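Data first, discussion second: the structure below is written as structure tokens.
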Amino acid sequence: MPLDNKLTRSAMPAIRHDRLIVFTDLDGTLLDHETYSHAAAGAALAALKSHGVPLVLASSKTASEIAPLRAELGFEHCQAIVENGAGILEAHQTGDGSDQVHQRLLDALVELPPALRSCFEGFSDWSDEEVASRTHLPLDQARMAKQRQFSEPGLWSGGETERDQFKALLKKRGITALQGGRFMTLSFGSDKAQRMIDIIARHSSPGYKPFAVALGDAGNDIKMLESADLGFIIPNSSHGGIGQLAGEASGRIIRETAEGPAGWNHAVLGLLKTSSNT
């Protein structure tokens with residue numbers, strides 16, 4: 062269910078900056094799909110900081126990956142949604158934590174029929190060098206990407222029938238399989254949208270609820286976009302992207318034309334220009 066506020070692109074109300082809270086996907090959205098650079102979004106990032114608008118990073122990345130990036134961006138005072146919503150990285154925390162949940166995922170994979178298990182290769186099956194090669198990450202960052210706590214991303218090589226069987230068997234064990242722009246991610250439920258709602262609840266008080274804005278580029282962002290007060294689809298030509306969503310007809314979900322951080326920059330600057338300090 063979308064949050065309370067509604068708006069259209071043609072009649073967007075003046076939203077106070079101190080009511081805004083922005084949730085964003087990273088790869089292919091705030092970060093360039095190939096280079097992982099956020100340079101093209103620099104102006105919008107600076108504007109968010111100057112207006113005191115919280116920025117919640119929401120990604121398939123691990124806490125170990127997101128913590129230094131969050132600090133680099135200057136939003137370490139904000140929570141972050143990690144591993145596709147499987148967990149939350151609290152404000153000012155580093156990526157250290159228990160991997161017991163992740164180990165349960167690996168144990169469940171071992172119990173699958175070998176023919177199905179062999180169709181899925183996860184980060185835990187790969188060396189640091191293989192993760193670096195498949196993600197195009199530098200080796201040190203690939204090493205952090207392997208430090209899983211809540212989920213296991215990987216690549217599916219089987220057909221649709223086998224994939225359906227794979228997902229059905231995992232579902233019996235309480236595990237969901239979500240296909241993102243590049244990887245299929247396994248976890249024990251929850252997603253970016255639910256974590257977004259949880260964080261909004263923390264920032265709410267009687268008579269006050271933040272105005273939630275979400276930005277994303279892939280299928281695993283759809284529920285987050287649809288659950289926000291305002292969503293921005295950032296196009297990504299490297300994969301199928303996001304098909305037409307119902308909220309686009311009313312203007313509650315807006316499709317940008319520029320890809321990656323350039324589109325992100327345009328969306329956020331336009332949002333802040335429409336919003337106000339009072």
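FYI, the working numbering numbers position 133 of the sequence shown as 194, with every residue one higher than the one before it.
Yeah, the Cβ is synthetic: ideal placement off N, Cα and C, and Gly gets one too.
Predicted model, so just to flag it, every value in this text is computed and none were measured.
Closer than 7 Å by C-beta to H327: which residues in its own chain qualify, once you throw out the five before and the five after it? Chain order, please.
Position 266 of the sequence shown holds residue 327. Cβ neighbours of H327 beyond the five flanking positions: E317 and A319.
Bridge partners of D88, per DSSP?
To locate residue 88, count along the sequence shown from 1; it is residue 27. Under the DSSP definition of a beta bridge, D88 partners with L92.
Along the chain, where does the alpha helix (DSSP H) that runs through T318 open and close?
By 1-based counting over the sequence shown, the position of residue 318 is 257. Counting along the chain, T318 sits inside no alpha helix (DSSP H), nor does DSSP assign it H or E at all.
Could you tell me whether the Cβ atoms of T85 and A119 are closer together than 8 Å?
Numbered from its first residue, the sequence shown carries residue 85 at position 24. Numbered from its first residue, the sequence shown carries residue 119 at position 58. Against a cut-off of 8 Å, the Cβ pair of A119 and T85 comes out as a contact.
Would you report the Cα separation of H78 and G277, rounded to the nearest angstrom?
Locating residue 78 in the sequence shown gives position 17, where the first residue counts as 1. Locating residue 277 in the sequence shown gives position 216, where the first residue counts as 1. H78 and G277: Cα-Cα distance of roughly 21 Å.
Endpoints, alpha helix (DSSP H) assigned at P175:
Taking the sequence shown and counting its residues from 1, one reaches residue 175 at position 114. Its alpha helix (DSSP H) spans residues P175 to R178.
Going by other Cβ atoms of all chains shown within 10 Å of its Cβ, with 16 needed for buried, is E172 buried or exposed?
Translated into positions along the sequence shown, residue 172 becomes position 111. Exposed, since its Cβ has fewer than 16 Cβ neighbours within 10 Å.
What first and last residue would you give for the alpha helix (DSSP H) that runs through A141?
Position 80 of the sequence shown, counted from the first residue, corresponds to residue 141. Careful: A141 lies outside any alpha helix (DSSP H), inside the beta strand (DSSP E) at A141 to V143.
Helix or strand or just coil, what does DSSP make of F181?
The residue given as residue 181 occupies position 120 in the sequence shown. Residue state, collapsed to three classes: strand.
The beta strand (DSSP E) spanning G277 covers which residue range?
The sequence position of residue 277 within the sequence shown is 216, counting from 1. Run containing G277: F272 to G277, per the beta strand (DSSP E) assignment.
Taking 8 Å as the cut-off, does the stretch 217 to 225 touch the stretch 111 to 126 (at least 3 CB pairs, one atom from each stretch)?
Contact annotation: the stretch 111 to 126 does not touch the stretch 217 to 225, with fewer than three C-beta pairs closer than 8 Å.
Where L378 falls: helix, strand or coil (DSSP):
Since the first residue shown for the chain is 62 and the last is 339, residue 378 is missing from the structure and cannot be characterised.
So, for G183: in the same chain, excluding its five sequence neighbours on each side, which residues have a beta-carbon less than 6 Å away from its beta-carbon?
Sequence index remark: in the sequence shown, residue 183 carries index 122 (1-based). Only E213 and G215 meet the Cβ criterion.
If you draw a straight line from the C-alpha of E309 to the C-alpha of P174, how long is it?
Numbered from 1 along the sequence shown, position 248 holds the residue referred to as residue 309. Numbered from 1 along the sequence shown, position 113 holds the residue referred to as residue 174. Cα to Cα, the separation comes out at about 42 Å.
Distance between E221 and L87 (C-alpha atoms, nearest Å)
For the purposes of this step, residue 87 is taken as the residue at position 26 of the sequence shown. For the purposes of this step, residue 221 is taken as the residue at position 160 of the sequence shown. Pairing L87 with E221, the inter-Cα distance amounts to about 28 Å.
For I149 and I258, what's the separation of their Cα atoms in angstroms?
Translated into the one-based positions of the sequence shown, residue 149 becomes position 88. Translated into the one-based positions of the sequence shown, residue 258 becomes position 197. A straight-line Cα-Cα distance of about 12 Å links I149 and I258.
Give me, in chain order, the residues of the same chain whose beta-carbon lies closer than 6 Å to that of L64; leave out the 5 immediate sequence neighbours on both sides.
For the purposes of this step, residue 64 is identified with residue 3 of the sequence shown, where counting begins at 1. For L64, the predicted model reports a pLDDT of 43, less than 50, meaning its position is unreliable and no value from the coordinates is stated.
Closest by C-alpha distance to F244, when choosing among G304, H300, H163 and E151:
Counting from 1 along the sequence shown, the entry for residue 244 is found at position 183. For the set G304, H300, H163 and E151, the Cα lying nearest the Cα of F244 is the one of H300.
Under a three-way DSSP split, which group does F227 fall into?
Numbered from 1 along the sequence shown, position 166 holds the residue referred to as residue 227. Helix, per DSSP.
Going straight from the alpha carbon of L166 to that of S336, what length do you get?
As a working mapping, residue 166 is identified with position 105 in the sequence shown. As a working mapping, residue 336 is identified with position 275 in the sequence shown. Whole-angstrom Cα-Cα distance: 43 Å.
Buried versus exposed, by CB contacts within 10 Å (16 or more), Q210
Looking up residue 210 in the sequence shown gives position 149. Q210 is buried by the Cβ-count criterion.
Measure the C-alpha to C-alpha separation of A104 and V114 and round it to an integer number of angstroms.
Translated into the one-based positions of the sequence shown, residue 104 becomes position 43. Translated into the one-based positions of the sequence shown, residue 114 becomes position 53. Looking at the backbone, the Cα of A104 and that of V114 are separated by about 14 Å.
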